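The structure appears right after this line, and notes come after that.
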Amino acid sequence: MDLSTDLVTAVREKLDTRAKRLGIPSSAVLLDAPVNSHKTALFICEQKSGTDVSRTKIMHFEILGNDTIRISVRETVLSKAGLPKDVVNESDADGWHSFRYVNVSKDTLKQISLYAADVLQYEFEDYETDAEPFECCSRNYTCSIRGECLHPDQMYAKACLFRRTLPNA
């Protein structure tokens, strides 16, 4: 088992599924896994103008040896996602919290990928866009009836001012 490749594959699959379900465009989720590196980072990305893209790191993975993975998440997410079971708790630094999975198996990779999808969801819920706010889109009537934003691109919809008035937004 190539732990680095297996980790990236498992996490990417689960992130794609969760992002699609939440209406997060695939361009807004970046799993940066440099070749021949034991470090992988998960980012929320937002297109600014032209080719300018902002990246906000939300999770960090590091392979330590043949069977150990260190994961770091922001403290704000830890309060929502909780600390996974069967991990070795580590330190806090600069608003980040780390923990390790040891004796990693295929089942552990599934747990990690589900945890990563949860982290993405919690981080996206709290994500504040820098995009220019707009009043509403053509879906405002339907959104009013349903009480939630129905725009298929939830990254774009983060800038909708009407969305903030909806009870389930």
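In the working numbering, the protein residues as written are 11 to 179. Glycine included, every Cβ here is placed at the ideal spot set by N, Cα and C. Computed from a predicted model, the values in this text were never measured in an experiment.
Pairwise C-alpha distance: residue j and residue i
i	j	result
LYS67	ARG156	32 Å
SER36	LYS30	8 Å
GLU135	LYS95	24 Å
ILE73	LEU88	21 Å
VAL63	LEU52	15 Å
ASP26	ALA43	15 Å
SER101	LEU32	31 Å
MET165	ILE122	24 Å
GLU138	ALA38	13 Å
LEU17	GLY105	24 Å
CYS55	ASP140	11 Å
ALA167	ASN46	37 Å
HIS70	SER82	5 Å
ASP128	TYR151	30 Å
Residue i, DSSP secondary structure in three states
i	result
SER82	strand
ILE34	coil
ALA91	helix
GLU133	helix
GLU72	strand
SER108	strand
ALA141	coil
Beta-carbon spacing of residue i, residue j below 8 Å
i	j	result
ARG110	ARG84	no
LYS90	TYR132	yes
ARG28	LEU160	no
CYS181	LEU176	Lying outside 11 to 179, the shown extent of the chain, residue 181 is not represented and no answer is given.
Host alpha helix (DSSP H) of residue i (start-end)
i	result
ASN150	150 to 156
Neighbourhood of residue i by C-beta, 7 Å cutoff - its chain only, sequence neighbours within 5 removed
i	result
VAL112	ASP77, THR78 and VAL98
GLU145	LEU171 and PHE172
ARG149	LEU160 and HIS161
ASP163	GLY33 and PRO35
Residue range of the beta strand (DSSP E) that includes residue i
i	result
ALA167	Not the beta strand (DSSP E): ALA167 falls in the alpha helix (DSSP H), residues 164 to 167.
THR50	49 to 57
ASP12	Per DSSP, ASP12 belongs to no beta strand (DSSP E) and is neither H nor E.
ALA43	Here ALA43 belongs to no beta strand (DSSP E), and DSSP marks it neither H nor E.
Cβ-based neighbour list, residue i, same chain, cut-off 6 Å, excluding 5 preceding and 5 following
i	result
LYS49	GLU72
PRO143	ALA169 and LEU171
heavy atom of the ligand HEM below 7 Å from residue i C-beta
i	result
CYS159	Summarising the ligand content, the structure contains no ligands, and the ligand HEM is consequently not present.
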